[in-house]
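**Student:** With our numbering applied, the sequence shown closes on residue 1069, and no number is skipped along the way. Where a beta carbon is used, it is the ideal one built from N, C-alpha and C, also for glycine. These numbers were taken from a predicted model, which means no experiment stands behind them. Before we start, here is the structure in question, set down as structure tokens.
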Amino acid sequence: MNSRKWVKLFLSTLVVGGISTGIVGFAIKWNEYKHLFASFDVKEIISVLIWLIGVGFIFSVISQMGFFAYLTIHRFGLGIFRSVPLWNSVQLVLIAFVLFDLVYFRYQLFAEEGESLFSYIGIAVFIFIFGLIVAYIKMKQTNKEAFVPALFFMTVVTIIEWFPVLRINEESWLYLMLFPLLICNAYQLLILHKLIGTK
871 MNSRKWVKLF LSTLVVGGIS TGIVGFAIKW NEYKHLFASF DVKEIISVLI
921 WLIGVGFIFS VISQMGFFAY LTIHRFGLGI FRSVPLWNSV QLVLIAFVLF
971 DLVYFRYQLF AEEGESLFSY IGIAVFIFIF GLIVAYIKMK QTNKEAFVPA
1021 LFFMTVVTII EWFPVLRINE ESWLYLMLFP LLICNAYQLL ILHKLIGTK
């Protein structure tokens, strides 16, 4: 990838992150912001939108750091294991391990007495299903060997990128960061082969 294509990817992902966070932010905190729309307080709405877009830019940069880190790790993995099926098997094991940890450790650390495990499992299942869908699209657009790496990136790397808000476990921030990360990660994954002209 040359510098022009990298800049194009960086800027377009930045826009995707800003817009998605703006939309998600108003949706998640609608009870907090709906009075601004009811009173048509344009100045305040724009102020909140600019703040959300700025936060989205930060999420986008985190997403891009994770993406390029994974591209490097993927090359190392292929070099170490010297076999695509073996490296894919390792990634599948890591996917299962990280999803289990996401559920188990969050439940152990943050669950209140009598709280159901379902909500903790639900969010892991959602990430996994979203990853499956994106990985399937990537496979159809490129080749079958792309499925497992795409699934790994969309699950394991997204969860690692999401870690800063996982530690504080504040619900609105959990979703405010998760959805833009998933969108930015999916965008980068599905646009990369188009930018560099490979399948």
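Given a cut-off of 8 Å, decide if T1028 and L1059 are closer than it, judged by their beta-carbon atoms.
**Tutor:** Taking the first residue of the sequence shown as 1, we reach residue 1059 at position 189. Taking the first residue of the sequence shown as 1, we reach residue 1028 at position 158. Cβ distance not < 8 Å, so L1059 and T1028 don't count as in contact.
**Student:** Is there contact here, the segment 912–930 with the segment 884–892, by at least three beta-carbon pairs under 8 Å?
**Tutor:** Enough Cβ pairs lie closer than 8 Å, so yes.
**Student:** Taking only runs of the alpha helix (DSSP H) that begin and end inside the segment 932–986, which ones reach a length of at least 4 residues, in chain order?
**Tutor:** Listed in chain order, the complete alpha helix (DSSP H) runs (minimum 4 residues) inside the segment 932–986 are 954–980.
**Student:** Just curious, the alpha helix (DSSP H) that M1009 is in, first and last residue?
**Tutor:** Your numbering for residue 1009 matches position 139 in the sequence shown. M1009 -> alpha helix (DSSP H) spans 988–1011.
**Student:** Short check: CB of L1021 to CB of L1044, under 8 Å?
**Tutor:** Translated into the one-based positions of the sequence shown, residue 1021 becomes position 151. Translated into the one-based positions of the sequence shown, residue 1044 becomes position 174. Contact: no.
**Student:** Cα-Cα, which of F907, L884, F970 is closest to M935?
**Tutor:** If you number the sequence shown from 1, residue 935 lands on position 65. Residue L884 is the option with its Cα nearest to M935.
**Student:** So, using beta-carbon positions, are V960 and F951 closer together than 8 Å?
**Tutor:** Walking along the sequence shown from the start, residue 960 turns up at place 90. Walking along the sequence shown from the start, residue 951 turns up at place 81. Yes.
**Student:** For F1000, count the other beta carbons within 10 Å of its own beta carbon; 16 or more makes it buried, fewer makes it exposed. Which is it?
**Tutor:** As a position in the sequence shown, residue 1000 is number 130, starting the count at 1. Counting Cβ neighbours within 10 Å, F1000 comes out buried, since at least 16 surround it.
**Student:** If the criterion is Cβ atoms closer than 8 Å, does the pair N1039 and F980 meet it?
**Tutor:** Counted from its first residue, the sequence shown places residue 1039 at position 169. Counted from its first residue, the sequence shown places residue 980 at position 110. Yes, these two residues count as a Cβ contact at 8 Å.
**Student:** For N1039, which of helix, strand or coil comes out of DSSP?
**Tutor:** In the sequence shown, the residue the question calls residue 1039 occupies position 169. Coil at N1039, not helix or strand.
**Student:** Do you know whose CA, among K1010, I1053, V1018, S1042, lies nearest I898's CA?
**Tutor:** If you number the sequence shown from 1, residue 898 lands on position 28. Minimum Cα distance to I898 is reached at S1042.
**Student:** If you measure between the beta carbons of A1025 and I932, is that distance less than 8 Å?
**Tutor:** The residue given as residue 1025 occupies position 155 in the sequence shown. The residue given as residue 932 occupies position 62 in the sequence shown. Checking the sequence shown, residue 1025 turns out to be Thr, not Ala. Against a cut-off of 8 Å, the Cβ pair of I932 and T1025 comes out as no contact.
**Student:** Whole angstroms are fine: how far does the CA of L1046 sit from the CA of I893?
**Tutor:** By 1-based counting over the sequence shown, the position of residue 893 is 23. By 1-based counting over the sequence shown, the position of residue 1046 is 176. Spanning the two alpha carbons is a distance of roughly 10 Å.
**Student:** State the CB to CB distance for the pair L969 and A994, rounded to an integer number of angstroms; the pair is presumed to be in contact (CB under 8 Å).
**Tutor:** Position 99 of the sequence shown, counting from 1, holds the residue named residue 969. Position 124 of the sequence shown, counting from 1, holds the residue named residue 994. At roughly 5 Å, the Cβ-Cβ gap stays under 8 Å, so L969 and A994 are in contact.
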